[in-house]
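A.B. asks:
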Amino acid sequence: MRKTILFTLLAIMLLPCPVLGARKTPRQKLIERLQRLQKRGIMYGHQDDTFYGLTWEWDEDRSDTYALCGDYPAVMGFDLGGIEMGDEKNLDSVPFTRMRREIIRHHERGGIVTISWHPRNPMLGTTAWIEGDIKAYEEAVRLLRKIGQADVAEKATDPRLTVRSVLKGGSHHEKFQMWLERVTDFLLTLKDKKGNAIPVIFRPWHENNGGWFWWGASNCSTAEYHALWRMTQDAVNAKLRESIVWAYSPNLQGNWTEEQWMERYPGDDRVDLIGEDAYQWGTEEDFVKQMSADMALISKIAREHYKLLAVTECGYKNSPDATWWQRVLKPIIEPYPTLYILPWRNYKKEHFGVAPETTTAQDFKAWVATKKLLLLKGIK
Ligand code: BMA
0 MRKTILFTLL AIMLLPCPVL GARKTPRQKL IERLQRLQKR GIMYGHQDDT FYGLTWEWDE
60 DRSDTYALCG DYPAVMGFDL GGIEMGDEKN LDSVPFTRMR REIIRHHERG GIVTISWHPR
120 NPMLGTTAWI EGDIKAYEEA VRLLRKIGQA DVAEKATDPR LTVRSVLKGG SHHEKFQMWL
180 ERVTDFLLTL KDKKGNAIPV IFRPWHENNG GWFWWGASNC STAEYHALWR MTQDAVNAKL
240 RESIVWAYSP NLQGNWTEEQ WMERYPGDDR VDLIGEDAYQ WGTEEDFVKQ MSADMALISK
300 IAREHYKLLA VTECGYKNSP DATWWQRVLK PIIEPYPTLY ILPWRNYKKE HFGVAPETTT
360 AQDFKAWVAT KKLLLLKGIK
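Going by numbering that gives the first Met the number 0, 285 is the number at position 286 of the sequence shown; the sequence numbering is gapless.
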C-alpha cells in the first residue's frame, strides 16, 4: 500500500507540466479571458477610436467614446493596410508608430485589441478593392477586341488572378512573402513594458464572400482562398505562435446554408473566433432579416465548433436613426453569446460609432447603463 502511494506521488511529480499548470501563452490567456467575458455581456469595440473622431483628428488622449461615456471602448480595432509597402502611415493616414503606441496603451489599460488588414493588390499595385480593376480590365479587353487586337486582349492580365499570383509558384509569390514578413515584423513589436508579447485578435482576409476585395469569392477559388489563409497564418505563426488569436469573418449575407458558409472556413485548427461584418446599408427590414438569419447560423457553427463569436464590424452610416442601437441591433445579437460589436471608424465625413454629437448618443448611453453593453471599465 505504502509502495502504491509512493509510486502515485512520484508519478504526479514526474508528470509533464500541463497537468501542474504549465505557463499559459498570451494567446491562451486572451482566449480564456474572452470566454469568461462572453458570459458577462457584449463588449463595445471601435475602429481607430483614439486617432480621430467626428470633429477632431490626431489629438492625443482623445476618443469620441470617452467624450460621450467617460470610458474607452473595451475593444479597439486597428488596420495594417499599407504596412506591406513599408509605408509610414496606413491607408487611413494613421502613422504606424502611433498605432503601435495606442495598441500598447490600450492593452496596458486592460483593453482588447483587434487588427485587420486591407493590403494593396500585390499583382497590380492598386488597392484592396478590386472592382475598379476588373472594370478597367474588361473595358480594355472590349476595346482591344473592337479594334481587332484580340491577340493583345488575350495577353492582358485578369485581376482575378491576384490570389493565384501570390501563392507558391505564382509570379508575385516572393514579393508577397516580404509583405507577410512586414506584417509579422509589426506584430512582433507589440510588447508590454516587461517585454511580453501583447495578444491580439488578427482578422485577415475578411468579407471574403463578396467580390469587392481581391481575395473575395468571385476572385479566387476555395482552394486558393484556403492556400492564402494558410500561407499567411503559417508565416505569422512561425514567429508569433503564442500571441495571435485568429478571427475569420465573412460579410453579412442573409441566405447561406451551413454548407455554403463552411466552404471557405479555414478549419477548426486555424480559427479561434467566428465573426461577421454586418452593416445596415439598405432598409432596416432587410438588415434585420439578413443579420438575424446569419447570427442564427454562425452562432450555431461557433457553438458546435467551440469557437468565440463576435460582430467584427458593424454600424449604420452616420446614424440617421436615434434608436438604432437598442431597437434594431440589440435584439439581433442579444440571443447569442456575442462577444463584441465593432462599429467602423468615426471621421468628419462619416461615422459608425458613437460620439457626443451623434443622434444615437442617448440611446447608446442607455444601453451602456443596462450593464449589458460593456466599455473598458466593464471588463476589468
Ligand atoms: C472602409 C472605409 C475606407 C477605409 C477602409 C479601411 O470601410 O472606411 O475609407 O479606408 O475601410 O479602414
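Glycine included, every Cβ here is placed at the ideal spot set by N, Cα and C.
#1: For His45, is the beta carbon positioned less than 7 Å from some heavy atom of the ligand BMA?
#2: Under 7 Å: does the beta carbon of Arg344 sit that close to some heavy atom of the ligand BMA?
#3: State the beta-bridge partners of Glu275 as determined by DSSP.
#4: Suppose you measure from the CA of Trp245 to the CA of Asn120; what does that come to, to the nearest Å?
#5: Would you mind working out which of Trp228, Asp267, Tyr335 and Asp184 sits nearest Asn207, comparing C-alpha positions?
#6: Can you give me the C-alpha to C-alpha distance between Gln252 and Ile340, rounded to a whole angstrom?
#7: For Leu166, which of helix, strand or coil comes out of DSSP?
#8: Distance, Cα to Cα, Asp362 vs Ser170?
#9: Once you ignore the five residues that flank His106 on each side, which residues in its own chain have a CB closer than 7 Å to its CB?
#10: I'd like the list of long-range same chain contacts for Trp211, defined as Cβ closer than 8 Å, with 5 residues on each side in sequence excluded.
#11: Would you call the region 267-275 and the region 296-312 touching, i.e. three or more CB-CB distances under 8 Å?
#12: I want to know whether the region 212-224 touches the region 153-171 - three or more CB-CB distances under 8 Å.
#13: Leaving aside the five residues before and after Asp267 along the sequence, list all residues of the same chain whose C-beta is less than 7 Å from its C-beta, in chain order.
#14: I'd like to know whether the C-beta atoms of Thr337 and Ile103 end up nearer to each other than 8 Å.
#15: Rounded to whole angstroms, what is the Cα-Cα separation between Lys88 and Arg97?
#16: Identify which residue in Ala155, Gln176, Met294 and Pro249 has its Cα closest to the Cα of Ala237.
#17: Alpha carbon to alpha carbon, how far is Val199 from Arg144? Give it in angstroms, no decimals.
#18: Please work out which residues of its chain come closer than 7 Å, Cβ to Cβ, to Lys329, disregarding the five sequence neighbours upstream and downstream, and give them in chain order.
#19: Using the DSSP secondary-structure output, state which residues sit across from Trp245 in a beta bridge.
#20: CB-CB under 6 Å to Phe286, same chain, minus the five flanking residues each way: which ones, in chain order?
#21: With C-beta atoms as the reference, is Ala234 less than 8 Å away from Thr183?
#22: With distance defined between alpha-carbon atoms, name the residue in Arg32, Arg344, Lys299 and Leu239 nearest to Thr311.
#23: Closest to Gly168 by CA distance: which of Glu137, Met230 and Lys154 is it?
#24: Have a look at the DSSP bridge pairing and note the partners of Ile111.
#25: Just confirm the distance between the C-beta atoms of Asp48 and Thr24, as a whole number of angstroms; I'd bet it's less than 8 Å.
#26: Would you mind reading off the limits of the beta strand (DSSP E) that contains Ile340?
C.D. replies: Here's the rundown:
#1: Sequence index remark: in the sequence shown, residue 45 carries index 46 (1-based). Flag unset: Cβ of His45 not near the ligand BMA.
#2: Sequence index remark: in the sequence shown, residue 344 carries index 345 (1-based). Yes, Cβ of Arg344 sits closer than 7 Å to a heavy atom of the ligand BMA.
#3: Position 276 of the sequence shown holds residue 275. In DSSP, Glu275 forms a bridge with Val310.
#4: Residue mapping note: residue 245 aligns to position 246 of the sequence shown, counting from 1. Residue mapping note: residue 120 aligns to position 121 of the sequence shown, counting from 1. Taking C-alpha positions only, Trp245 is separated from Asn120 by approximately 22 Å.
#5: Within the sequence shown, residue 207 is the residue found at index 208, counting from 1. Looking at the Cα atoms, Trp228 is the closest of the given residues.
#6: As a first step, residue 252 must be located in the sequence shown, where it is residue number 253. As a first step, residue 340 must be located in the sequence shown, where it is residue number 341. When rounded, the distance between both Cα atoms is 17 Å.
#7: The count along the sequence shown starts at 1 and reaches residue 166 at position 167. Three-state DSSP puts Leu166 in coil, outside helix and strand.
#8: The residue given as residue 362 occupies position 363 in the sequence shown. The residue given as residue 170 occupies position 171 in the sequence shown. Near 52 Å, if we compare the C-alpha coordinates of Ser170 and Asp362.
#9: To locate residue 106, count along the sequence shown from 1; it is residue 107. Shown here for His106: same chain residues with a beta carbon closer than 7 Å to its own, the five before and five after excluded, namely Val112, Asp191 and Ile197 in chain order.
#10: Position 212 of the sequence shown, counting from 1, holds the residue named residue 211. Contacts found: Trp128, Ile129 and Glu130.
#11: The region 296-312 and the region 267-275 touch, with three or more beta-carbon pairs separated by less than 8 Å.
#12: yes
#13: Counting from 1 along the sequence shown, the entry for residue 267 is found at position 268. Around Asp267: His304.
#14: As a first step, residue 337 must be located in the sequence shown, where it is residue number 338. As a first step, residue 103 must be located in the sequence shown, where it is residue number 104. The answer is no: Cβ separation not under 8 Å.
#15: As a first step, residue 88 is located in the sequence shown; it is residue number 89 there, counting from the start. As a first step, residue 97 is located in the sequence shown; it is residue number 98 there, counting from the start. The C-alpha of Arg97 is placed about 9 Å away from the C-alpha of Lys88.
#16: Mapped onto the sequence shown, residue 237 falls at position 238. Among Ala155, Gln176, Met294 and Pro249, the Cα nearest to that of Ala237 belongs to Gln176.
#17: Counting from 1 along the sequence shown, the entry for residue 144 is found at position 145. Counting from 1 along the sequence shown, the entry for residue 199 is found at position 200. Each residue's alpha carbon lies about 50 Å from the other.
#18: Counting from one through the sequence shown, the residue named residue 329 turns up at place 330. So the list reads Trp366, once near-sequence residues are dropped.
#19: For the purposes of this step, residue 245 is taken as residue 246 along the sequence shown, with counting starting at 1. DSSP lists Phe201 as partners of Trp245.
#20: As a first step, residue 286 must be located in the sequence shown, where it is residue number 287. Taken in chain order, the residues that qualify are Gln279.
#21: Residue numbering aside, residue 234 sits at position 235 when the sequence shown is read from its first letter. Residue numbering aside, residue 183 sits at position 184 when the sequence shown is read from its first letter. Yes; because the gap between Cβ atoms is below 8 Å, this pair is in contact.
#22: Reading the sequence shown from its first residue, position 312 is the one you call residue 311. Checking every option, the nearest Cα to that of Thr311 belongs to Arg344.
#23: Working through the sequence shown from its first residue, we reach residue 168 at position 169. Of Glu137, Met230 and Lys154, the residue nearest in Cα terms is Met230.
#24: The residue you call residue 111 lines up with position 112 of the sequence shown. For Ile111, the beta-bridge partners assigned by DSSP are Val74.
#25: Your numbering for residue 48 matches position 49 in the sequence shown. Your numbering for residue 24 matches position 25 in the sequence shown. Actually they are not in contact, since the Cβ atoms of Asp48 and Thr24 sit about 27 Å apart, beyond 8 Å.
#26: Taking the sequence shown and counting its residues from 1, the one referred to as residue 340 is at position 341. Counting along the chain, the beta strand (DSSP E) containing Ile340 begins and ends at Tyr339 to Pro342.
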